[in-house]
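In what follows, a structure is listed as structure tokens, so that the remarks can point back to it.
Residue numbers (the numbering used here): 2 to 987.
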């Protein structure tokens with residue numbers, strides 16, 4: 002006898018009320034948080050005048066959530082309901098059915114609820130997944146043609162970039178919906194007796210069989226569509242035979258026909274399942290056989306046959322079999338990464354003799370040699386231009402060029418910002434942090450090729466009326482050369498996350514503006530205050546707005562502090578890179594935004610890239626790995642891991658440092674990806690290239706991250722012959738950082754104003770040295786720049802493959818170990834009171850040879866406030882090396898050493914030298930007195946040596962550098978006097 006199961010216990014009224022309260026509170030705070038986030042985002046987008054980005058993105062995500070969520074929920078719910086409707090009214094008695102009866106009793110009274118709950122859950126997860134594909138949908142909807150056909154099917158590349166990813170996602174969604182529907186329907190059929198494991202008769206009712214086999218047939222039919230997409234996807238896969246991307250010999254000759262055959266077989270199997278299970282035999286035998294046939298076919302046709310072709314046909318003769326496909330990959334990679342028009346020029350580099358004439362007549366290379374290293378002199382800028390401890394210039398400075406007095410040269414530039422991390426004690430109190438220390442002041446610059454007493458020669462005019470220029474007054478320019486009309490920096494890279502600006506009650510200015518001698522405060526500190534008057538910011542004077550942002554930032558001071566009143570505005574998302582990313586979420590941004598003075602205003606310039614990962618046959622790279630080098634993470638933002646095989650510097654963005662205005666300019670108007678994104682956001686999101694102001698165009702530079710990607714790829718893809726490419730006979734590599742070759746980090750490229758072989762005039766360009774694969778000598782010098790029309794240009798000066806010109810790592814090692822240079826370097830770090838830091842090693846093709854220049858900085862370890870000062874410059878040309886306190890002296894020594902080499906001698910280096918003394922006569926006899934002029938020269942040497950030792954012990958390296966110069970001068974005078982006094986002299 003079957004016993005009736007007792008009903009499940011019911012929750013009492015108090016328990017139900019508790020559940021409702023908890024669930025209601027959870028939903029309230031979840032929804033409230035989302036509403037606050039969305040509304041404050043809308044206010045922010047309204048401030049920057051990019052509300053179309055917010056509204057179109059939100060609308061697209063919402064529609065995708067609803068359409069996919071409702072669609073998948075409806076598919077699953079409908080199949081659950083259909084399985085319930087097809088339940089048998091009479092079920093044979095068995096222990097299995099008796100056990101399932103209690104579940105049927107639980108489900109049947111509220112079957113609609115039990116069907117709706119899993120369907121809704123599936124719909125929510127499907128919607129959440131789909132809304133994240135909003136970018137792919139917009140590209141699918143608005144993408145066009147590239148005007149380039151793939152080499153296998155003749156299909157425009159636009160299909161692969163814009164349509165293929167979304168089609169693939171759609172097919173995957175259909176697979177998921179059918180699988181979930183099949184599992185859910187099978188479960189319902191089992192619970193309600195349509196599918197049985199025990200009892201007499203059929204194990205499955207006709208209704209259940211028809212339902213489940215139809216779902217299986219639809220799954221197999223969808224698999225046929227997937228096979229057809231797989232044929233196109235082969236052009237994006239990895240070819241292990243060549244370590245390239247794209248369909249190879251086996252893919253084209255075995256897998257492509259196999260995928261097509263399997264697609265036809267899938268269609269036949271789907272038809273067979275429907276026909277045999279519904280119309281003819283009405284059992285699962287033949288459908289099962291059909292599915293087994295599909296599985297065997299997939300293994301044999303799609304697996305074993307291609308593997309046999311690969312092993313027996315391709316592997317014995319890869320170069321000949323894969324030649325066509327290697328050519329395809331080379332051409333596609335060059336096109337996808339903007340390397341089709343690389344200007345490659347041969348450069349013999351055979352000259353090894355530095356001559357005076359070649360330096361004297363040069364006006365394009367040597368006068369522009371950059372000595373300041375932006376990675377090292379940030380501390381120097383901070384120490385000499387900080388003014389107050391709250392200011393900082395960041396870990397890394399930037400390089401830009403300016404034209405002053407009709408002379409263009411590169412400058413090291415940095416913005417004096419309030420560094421949030423430097424605020425301490427009372428400065429970190431909410432009111433001080435967010436309403437007093439609201440902004441930085443001024444952009445500081447120094448000519449990159451000028452050094453004064455080891456320090457930068459700062460240019461005034463960037464500091465406006467700030468008298469606190471710092472540093473050696475003799476080194477600072479006295480004429481305002483590059484005026485800044487608005488020096489205040491409310492948007493920067495180091496500022497506190499948000500600022501509340503506006504006059505306090507009573508009209509009092511409270512924002513710390515800058516130190517000055519024009520006003521004395523009650524605390525005795527000399528400063529002037531200021532109140533922001535720009536167009537940026539969101540008004541937060543009303544109670545509703547204050548409450549809104551109190552919730553947004555979880556900060557009660559928005560409601561409690563009297564610093565927030567009816568005059569207040571809120572400035573947030575102040576980092577230039579984050580600001581551009583928010584208004585253009587489809588862009589990948591360069592890791593190194595840089596400031597520039599454009600028409601008297603400080604503008605942050607950010608390079609934006611459009612990327613894709615489905616360009617047929619193009620090599621795929623990890624953007625994070627490809628852009629990582631010795632400077633990454635030190636003031637340069639590391640790229641996120643992202644596989645790409647297409648990239649363009651399509652957008653130049655600017656952020657005004659005072660009012661936060663964001664402008665997006667189309668720099669590559671021919672980029673189809675940018676066209677698609679612009680169309681997706683109404684067609685006017687990005688301004689045309691013609692709208693770029695001429696003053697801004699003068700400060701645009703070749704972007705570093707793009708150049709790094711191109712440099713890495715061109716090291717391999719400069720080889721265009723398929724056989725040579727496969728043999729890897731002429732591949733290059735990016736050398737490691739010369740100062741730390743064993744650290745495994747690449748040498749960063751460097752910006753220079755210089756003239757390379759084949760160029761008619763100096764230009765501002767990003768350059769890098771390349772070495773042969775697994776060797777350290779020099780293979781080529783690569784540079785990226787803009788031509789006279791502002792078009793990007795890549796140029797490679799390639800040395801002969803037989804060249805043995807030393808590369809950066811070799812040259813650095815040769816210089817630091819040179820007999821004349823090493824004693825100087827050792828003396829700099831004597832007694833462990835200082836550390837020696839090497840600046841960027843510049844590789845300069847010069848007069849059919851290679852000129853290497855590397856600055857040497859010294860930083861005291863005894864003084865916590867010490868900063869690096871440039872003490873020497875090392876130079877190398879051919880096998881001639883020199884070191885001197887200045888570049889001019891170094892060149893003179895280089896010329897002298899080269900002139901004397903045939904005679905076998907080189908002039909002594911500038912390091913400390915023992916005091917020369919006359920030869921003493923053995924015995925108790927007194928040595929003869931020195932001539933008066935020789936004694937005076939010797940005494941001068943003694944005094945110079947004493948000054949060197951005194952400066953070294955004091956840790957004053959500016960003084961130490963001067964002392965070494967004085968010692969060198971005294972030595973030269975002593976040797977000249979001694980030579981004149983010798984018996985053989987005339």
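For glycine and all other residues, C-beta sits at the position ideal for the given N, C-alpha and C.
**Request:** Output the distance between the C-alpha atoms of residue 970 and residue 887, rounded to the nearest integer angstrom.
**Result:** Roughly 14 Å between the two C-alpha positions.
**Request:** Tell whether a beta-carbon distance below 8 Å holds between residue 580 and residue 661.
**Result:** Yes.
**Request:** Would you check if the distance between the CB atom of residue 374 and the CB atom of residue 841 is smaller than 8 Å?
**Result:** Judged by their CB atoms, residue 374 and residue 841 are nearer to each other than the 8 Å cut-off.
**Request:** Alpha carbon to alpha carbon, how far is residue 598 from residue 484? Give it in angstroms, no decimals.
**Result:** A straight-line Cα-Cα distance of about 8 Å links residue 484 and residue 598.
**Which of helix, strand or coil DSSP assigns to residue 773** = Looking at residue 773 - three-state DSSP - the assignment turns out to be strand.
**Item:** Contact belief for residue 440 with residue 393 at Cβ below 8 Å, rounded distance in angstroms
**Value:** Going by Cβ atoms, the distance from residue 440 to residue 393 rounds to 13 Å, so no, they are not a contact pair.
**Prompt:** Roughly how many angstroms lie between the CA atoms of residue 871 and residue 839, to the nearest whole one?
**Reply:** Cα to Cα, the separation comes out at about 9 Å.
**Asked** Looking at the unbroken alpha helix (DSSP H) that takes in residue 274, where does it start and where does it end?
**Response** Here the alpha helix (DSSP H) through residue 274 covers 257-276.
**Prompt:** What is the rounded straight-line gap between the Cα of residue 816 and the Cα of residue 822?
**Reply:** Note on geometry: alpha-carbon atoms of residue 816 and residue 822 lie some 7 Å from one another.
**Inter-stretch contact at 8 Å, needing at least 3 Cβ pairs: the stretch 256-273 / the stretch 198-216** = Result no; under three Cβ-Cβ pairs closer than 8 Å.
**Request:** Check whether the stretch 647-661 touches the stretch 365-382, taking contact to mean three or more Cβ pairs, one atom from each stretch, closer than 8 Å.
**Result:** With the rule of 3 Cβ pairs closer than 8 Å, the stretch 647-661 does not count as touching the stretch 365-382.
**Spatially closest choice to residue 827 from 948, 809 and 859, by CA coordinates** = By alpha-carbon distance to residue 827, the top candidate from 948, 809 and 859 is 859.
**Prompt:** Where do the ends of the beta strand (DSSP E) carrying residue 811 lie?
**Reply:** Where residue 811 is concerned, there is no enclosing beta strand (DSSP E), although the alpha helix (DSSP H) it sits in stretches over 809-817.
**Message:** Let me make sure I understand the geometry here. Which of 448, 897, 900 and 755 has the alpha-carbon closest to that of residue 844?
**Reply:** Taking residue 844 as reference, the option from 448, 897, 900 and 755 with the minimal CA-CA separation is 755.
**Asked** When you compare only the Cα positions, how much space is there between residue 72 and residue 80?
**Response** Using only the alpha carbons, I get a separation of about 12 Å.
**Request:** Could you give the DSSP three-state label for residue 851: helix, strand or coil?
**Result:** Strand at residue 851.
**Asked** Does DSSP put residue 150 in a helix, a strand or coil?
**Response** The answer is strand: DSSP assigns residue 150 an E or B state.
**Asked** How long is the line joining the alpha carbons of residue 791 and residue 411, rounded to whole angstroms?
**Response** Residue 791 and residue 411: Cα-Cα distance of roughly 18 Å.
**Prompt:** How would you call residue 683, buried or exposed, if buried means at least 16 neighbouring beta carbons within 10 angstroms?
**Reply:** Exposed: under 16 other Cβ atoms inside 10 Å.
**Whole-number beta carbon distance between residue 655 and residue 606, since they are thought to touch under 8 Å** = Confirmed, Cβ separation roughly 6 Å.
**Asked** Per DSSP, what kind of secondary structure is residue 100 in: helix, strand or coil?
**Response** In the three-state reduction of the DSSP assignment, residue 100 falls in the helix class, which pools H, G and I.
**Asked** What whole-angstrom Cβ distance do residue 896 and residue 351 have, given they're in contact under 8 Å?
**Response** Actually they are not in contact, since the Cβ atoms of residue 896 and residue 351 sit about 19 Å apart, beyond 8 Å.
**Request:** Please confirm whether residue 482 and residue 405 have their CB atoms less than 8 Å apart.
**Result:** The answer is yes: Cβ separation under 8 Å.
**Message:** Excluding the 5 residues flanking residue 364 on each side, which residues of the same chain have their C-beta closer than 7 Å to its C-beta?
**Reply:** Nothing meets the Cβ criterion.
**Item:** DSSP bridge partner residues for residue 733 (one or two, in chain order)
**Value:** Per DSSP, the beta bridge partners of residue 733 are 773.
**Message:** Less than 8 Å between the C-beta atoms of residue 460 and residue 417, yes or no?
**Reply:** Not in contact: residue 460 and residue 417 (Cβ atoms no closer than 8 Å).
**Prompt:** What are the residues that DSSP puts in a beta bridge with residue 641?
**Reply:** According to DSSP, which records beta bridges pairwise, residue 641 is partnered with nothing at all.
**Message:** So for residue 941, helix, strand or coil by DSSP?
**Reply:** Assigned with DSSP and collapsed to three states, residue 941 falls in helix.
**Request:** Look up residue 326 in the DSSP assignment and give the residues it is bridged to.
**Result:** As computed with DSSP, residue 326 is found in no beta bridge at all.
**Prompt:** Three-state secondary structure (DSSP) at residue 359?
**Reply:** Reduced to three states, the DSSP call for residue 359 is helix.
**Asked** Along the chain, where does the alpha helix (DSSP H) that runs through residue 892 open and close?
**Response** Annotation: the continuous alpha helix (DSSP H) that includes residue 892 extends over 888-901.
**Prompt:** Straight-line CA distance for residue 498 to residue 434?
**Reply:** Roughly 10 Å between the two C-alpha positions.
**Message:** Tell me which residues share the same chain as residue 88 and place their Cβ nearer than 7 Å to its Cβ, disregarding the 5 neighbours each side in the sequence.
**Reply:** Taking C-beta separations shorter than 7 Å and ignoring five residues to either side along the sequence, the partners of residue 88 in its chain run 193, 194 and 195, following chain order.
**Asked** Hey, out of 804, 809, 764 and 328, whose CA is closest to residue 787's CA?
**Response** Closest option to residue 787, Cα to Cα, is 764.
**Asked** Rounded to a whole number of angstroms, what is the C-alpha to C-alpha distance between residue 1 and residue 495?
**Response** Since the first and last residues shown for the chain are 2 and 987, residue 1 lies out of range.
**Request:** Could I get the ranges of all uninterrupted beta strand (DSSP E) runs contained in the stretch 86-140, with 3 residues as the minimum, in chain order?
**Result:** Qualifying beta strand (DSSP E) stretches: none in this window.
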